[in-house]
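Below is one structure; the comments refer to it alone.
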Amino acid sequence: MQSKAPFVAPGAGAVFQLELARPYRVIVAGDGARVEDSTGKRYLDAMSGGSMAATLGHGRRDLIDLVWEQSRRVGYLDNNRLTNPWQESLAAKLVDLAPGFARVRFVTGGSEANEAAIRAARMYHVARGEPQRWQIISPAQAYHGPTMQTLALTGRPGLHGAFGPYLSRHRHIPPSTDRFDATGQQALDALDEVIDQAGPENVSAFFCEPVSAASLPAYSPPDRFWEGLAERRERHGFLICFDEVVTGIGRTGNWFAAHDLPIVPDVIATAKGLGAGYTAIGAVLYRNSVYEAIASAVRSFSLGHTWDGSPLPCAVGLAVLGILESEGWVDHVATRGPSLRRELEEALAGNDLVGQVRGRGYLLGIDYVDPGDGRSFLPPELGVAGRIERAAARHGLLVLGTMPTRDGFAGDQHLFAPPFPTPDGDLGEMVERMAAAVEEVAAEVRDELGSNLSPGGGPSAGLRVLIVQHEDPTPAGFVHEWLVDQGADVETYRIDLENRRVDPIRYDLIVSLGSEFAAFDDSIPWIDREKDLLIEAHGADVPILGLCFGGQLLARVLGGDSHRGELSEVGWLPVRSVDEDLVPQGPWFQWHFDTFSVPPGGELIADSEAGPQAFVVGRSLGVQFHPEVNQEIMDGWVEVYRHELDDEGVDPDALLEETRRLASRSRAVAAQLLERYAEDIAGLALPGRRQDRS
Ligand SMILES: Cc1ncc(COP(=O)(O)O)c(C=O)c1O
2 MQSKAPFVAP
12 GAGAVFQLEL
22 ARPYRVIVAG
32 DGARVEDSTG
42 KRYLDAMSGG
52 SMAATLGHGR
62 RDLIDLVWEQ
72 SRRVGYLDNN
82 RLTNPWQESL
92 AAKLVDLAPG
102 FARVRFVTGG
112 SEANEAAIRA
122 ARMYHVARGE
132 PQRWQIISPA
142 QAYHGPTMQT
152 LALTGRPGLH
162 GAFGPYLSRH
172 RHIPPSTDRF
182 DATGQQALDA
192 LDEVIDQAGP
202 ENVSAFFCEP
212 VSAASLPAYS
222 PPDRFWEGLA
232 ERRERHGFLI
242 CFDEVVTGIG
252 RTGNWFAAHD
262 LPIVPDVIAT
272 AKGLGAGYTA
282 IGAVLYRNSV
292 YEAIASAVRS
302 FSLGHTWDGS
312 PLPCAVGLAV
322 LGILESEGWV
332 DHVATRGPSL
342 RRELEEALAG
352 NDLVGQVRGR
362 GYLLGIDYVD
372 PGDGRSFLPP
382 ELGVAGRIER
392 AAARHGLLVL
402 GTMPTRDGFA
412 GDQHLFAPPF
422 PTPDGDLGEM
432 VERMAAAVEE
442 VAAEVRDELG
452 SNLSPGGGPS
462 AGLRVLIVQH
472 EDPTPAGFVH
482 EWLVDQGADV
492 ETYRIDLENR
502 RVDPIRYDLI
512 VSLGSEFAAF
522 DDSIPWIDRE
532 KDLLIEAHGA
542 DVPILGLCFG
552 GQLLARVLGG
562 DSHRGELSEV
572 GWLPVRSVDE
582 DLVPQGPWFQ
592 WHFDTFSVPP
602 GGELIADSEA
612 GPQAFVVGRS
622 LGVQFHPEVN
632 QEIMDGWVEV
642 YRHELDDEGV
652 DPDALLEETR
662 RLASRSRAVA
672 AQLLERYAED
682 IAGLALPGRR
692 QDRS
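Residue numbers (the working numbering): 2 to 695.
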């Protein structure tokens, strides 16, 4: 099942991905705080599996064994009519850890937990004879899940998308952030106003994350807000539900983040850390008052899901809590968290892109600002959070950036949330890599903001192209000229002579020409750098045009292969094309009859009797043959290799003669290929009109 391609290209594969235009990095293994991609590259996982669920790190033997043993004993039982000791024990353990809470309902994940919290609040009021109470109030800048009720709890139109008609009309208040409302008073005023609009008698609950996760990384309102919220609960009789899907089970250095706030919620929904990434489980904790009200009025608190409270997830949850307790990880997060935050702050100090480092325990957030005034959001078109995320991955670090700028309450930001048992050395390295990534992007962003360049750093009109070369090759001449004709801003990178740090996102197109001696030889010192660059470009959805040996290299880094051909080394070869507008049928000149296999997710667009000759993957194109061979190129080439051609039994003069005959066509064909590729596959707008060079 393992593919060598480091990314699944946008639109490739059978998975209906969340983001259709994004390439997906393929991770094949994990161990502690490190994961490994399909090429063997290792990353420090500062996101605990990406979603902060893998709180105990990857590959813990004891948990793996437990899953095996529990599955052998009994893995699944429905809890509609049956219960089991693992569900009972886990519930008892959780109410132990959350004083004041009396009952627990298990579910499969975070959204289901939040839904069960919403249902409980509603049933509480109905049970108490107030059936008109249904509305929920929540901070607008939040994420509670993708189900229709949880989606309705966020006030971010960008997230609601097409689902508006399905969403209940809950109400929102602006979040009280340092930037807009440092005291929390404005949020309280907004809460009063919204309660008034809804009618206090209609409000069921206030729903929020005690410390925000991805939507406002690691932010928690000031105490004044929590105290004011508690006062209003007293006054108006609604419930307070905490979404502790991320913060629960140790993430903020306490069993629940609620324990550190001057307020006690009525319901807590939690999930991720309870299964620690070893099982899918969520839990909802209800205070006794909520349970009693419901239980005294009705005989059921339905509805449930198939996997609720099943032995396997509950046994894992129990083992996770056992490990956290016996190995002291929650205390560890509580004591190590503040110093980790300080280390991150110090490493980022002096970087004018960084507005704030904040957070509790191992839930840390970095907030970026415009270096111009140290306060404003960065222009979203610069895509800073995404660029830092990619730069971090280049440094071997996984973090998560978000950019909800258009919602108006937050801009570019990052989460930094390592697994609890991450050794100090790895934490230090995570911090260093993060700082290096931020510094790299900051240097570019300062330039871009300073010179008013368009995102990516080039003049807004032209295409920014990087040609990666190993030598002074003739073929680049034509491609280079064609690009210049298009008005492109072309930069050449002699990767064999220079060692630059290249952020592919700064370019609209990367051209790789490769070279014969490096096509099959991975010991060439710069070849890894070129591979990394191509992988990263592909990962960032920057189109790559791989020509000849560059096409072979492209095929290989994306999980395909290249092969030395057995046919004669030089000559003309009929090329069959799948799409004649893109690649007209050959004969095409070949320096060598090498081929490649089409990488996973790619599409074959031309082949010959020697094998595949051109493929498309995402926005990238690999071409084996030379569509642009002309007399000039041939003359030079034959000059250099005349003796070898003789040795191979190829008559150099006949070859030149045939080339002359076909040369006039080849330039037009190459231009057609490049034009169609750039516009239809890479999706680049060619700004310049091609000039007639004749
Ligand atoms: C704070 C918060 N609540 C709820 C959810 C939804 O949880 P799930 O994806 O398990 O349904 C998430 C998921 O990221 C979350 O971060």
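We put the beta carbon where it would ideally sit given N, CA and C, even for glycine.
Since this is a predicted model, take the numbers as computed values, not measurements.
- Message: Using the three-state DSSP reduction, which class does Gly274 fall into: helix, strand or coil?
- Response: The answer is helix: DSSP assigns Gly274 an H, G or I state.
- Closer than 7 Å: Glu210 CB and nearest ligand 1 heavy atom: Checking every heavy atom of ligand 1 against the Cβ of Glu210, one is found closer than 7 Å.
- Item | Cβ neighbour criterion (16 or more within 10 Å) applied to Gly351 | Classification for Gly351: exposed.
- Query: So, using beta-carbon positions, are Val385 and Ser377 closer together than 8 Å?
  - Reply: Taking 8 Å as the Cβ cut-off, Val385 and Ser377 do not qualify as a contacting pair.
- Message: When you measure from the CB of Asp244 to every non-hydrogen atom of ligand 1, does any distance come out below 7 Å?
- Response: Yes, ligand 1 has a heavy atom inside 7 Å of this Cβ.
- Query: Considering only residues of the segment 397–449, which uninterrupted beta strand (DSSP E) runs meet the minimum length of 3 residues and lie entirely inside it, listed in chain order?
  - Reply: Those beta strand (DSSP E) runs which fall completely within the segment 397–449 and span 3+ residues are 401–403, 414–417.
- Using beta-carbon positions only, say whether Glu441 and Arg502 come within less than 8 Å of one another. For Glu441 and Arg502, yes; Cβs fall inside 8 Å.
- Hey, is Gly111 close to ligand 1, as in C-beta under 7 Å from one of its heavy atoms? Inclusion of Gly111 in the 7 Å shell around ligand 1 follows from its C-beta lying nearer than that to a non-hydrogen atom of the ligand.
- Quick one: is the Cβ of Gly146 within less than 7 Å of any heavy atom of ligand 1? Checking the Cβ of Gly146 against ligand 1 gives yes.
- Under three-state DSSP, which class holds Gln625? Under the three-state reduction of DSSP, Gln625 is assigned to coil, being neither helix nor strand.
- If I'm right that Leu657 touches Val639 with Cβ under 8 Å, what's the distance once you round it to whole angstroms? With a Cβ gap of about 6 Å, Leu657 and Val639 count as contacting.
- Message: Using C-beta distances below 7 Å, list every residue in its chain close to Val696, excluding the 5 sequence neighbours before and after it, in chain order.
- Response: Only positions 2 to 695 of the chain appear in the structure, and residue 696 is not among them; the question remains open.
- Looking at Ala55 and ligand 1, is the gap between the Cβ and the nearest heavy atom below 7 Å? No, ligand 1 has no heavy atom inside 7 Å of this Cβ.
- Query: Quick one: is the Cβ of Ala556 within less than 7 Å of any heavy atom of ligand 1?
  - Reply: Distances between the C-beta of Ala556 and the heavy atoms of ligand 1 are all 7 Å or more.
- Item | Sheet register partners of His173 (DSSP bridge) | DSSP lists Ser139 as the beta-bridge partner residues of His173.
- Query: Can you tell me whether Phe8 is buried or exposed, with buried defined as 16 or more other CB within 10 angstroms of its CB?
  - Reply: Counting Cβ neighbours within 10 Å, Phe8 comes out buried, since at least 16 surround it.
- Message: Can you check which of these residues, Phe243, Thr253, Tyr220, is closest to Leu230 by C-alpha distance?
- Response: Among Phe243, Thr253, Tyr220, the Cα nearest to that of Leu230 is on Phe243.
- Query: Which one of Ile545, His415, Arg643, Arg236 has the shortest CA to CA distance from Gly684?
  - Reply: Among Ile545, His415, Arg643, Arg236, the Cα nearest to that of Gly684 belongs to Ile545.
- Compare the Cα-Cα distances from His333 to each of Ala615, Val16, Trp256, Gln414 and report the closest residue. Out of Ala615, Val16, Trp256, Gln414, Trp256 has the C-alpha closest to the C-alpha of His333.
- Assuming Val466 and Asp509 make a contact with CB atoms under 8 Å, what is their CB distance in whole Å? Their Cβ separation, rounded to whole angstroms, is 7 Å, which keeps Val466 and Asp509 in contact under 8 Å.
- Start-to-end residues for the alpha helix (DSSP H) that takes in Ile28: Counting along the chain, Ile28 falls outside any alpha helix (DSSP H), though it belongs to the beta strand (DSSP E) covering 28–32.
- Message: DSSP has Asp654 in a bridge; who is on the other side?
- Response: In DSSP, Asp654 forms no bridge with anything.
- Query: Mind checking whether Gly552 and Ala13 have CB atoms under 8 Å apart?
  - Reply: In this structure, the beta-carbon distance from Gly552 to Ala13 does not fall below 8 Å.
- Quick one, are the C-beta atoms of Ala10 and Leu399 less than 8 Å apart? No; because the gap between Cβ atoms is not below 8 Å, this pair is not in contact.
- Determine the burial state of Asn115: buried for a count of at least 16 other Cβ atoms within 10 Å of its Cβ, exposed for fewer. It counts as buried.
- Item | Distance between Arg26 and Gly51 (C-alpha atoms, nearest Å) | Going by C-alpha positions, Gly51 is about 12 Å away from Arg26.
- Task: Please name the residue in Ile506, Leu383, Pro424, Phe421 whose C-alpha comes closest to that of Met404.
- Result: Of the candidates Ile506, Leu383, Pro424, Phe421, the one whose C-alpha sits nearest the C-alpha of Met404 is Leu383.
- Can you give the Cα-Cα distance for Gly31 and Thr423, rounded to whole angstroms? Here the C-alpha atom of Gly31 lies approximately 13 Å from the C-alpha atom of Thr423.
- Query: How big is the Cα-Cα spacing for Thr84 and Gln187?
  - Reply: In this structure, the alpha-carbon of Thr84 lies about 47 Å from that of Gln187.
- Query: Helix or strand or just coil, what does DSSP make of Cys549?
  - Reply: Under the three-state reduction of DSSP output, Cys549 falls in the coil class, being neither helix nor strand.
- Could you have a look at Ala163 and say whether DSSP puts it in helix, strand or coil? In this structure, Ala163 counts as helix in the three-state DSSP scheme.
- Buried or exposed: Ile528, going by 16 or more other Cβ atoms within 10 Å of its Cβ? Burial call: buried.
- Check Leu510 in the structure and name its three-state DSSP category. Strand at Leu510.
- Can you name the residues that DSSP bridges to Pro613? The bridge partners DSSP lists for Pro613 are Asp608.
- Message: Residues in the same chain with beta-carbon distance under 8 Å from Met53, minus the five sequence neighbours each way, listed in chain order, please.
- Response: Excluding residues within five positions, the ones whose Cβ falls inside 8 Å are Ala214, Val247, Arg252, Lys273, Gly274, Leu364, Leu416, Ala418.
- Message: On the CB-based measure, 16 or more other CB atoms within 10 Å of its CB, does Ala15 come out buried or exposed?
- Response: Around the beta carbon of Ala15, fewer than 16 other beta carbons sit within 10 angstroms, so the residue counts as exposed.
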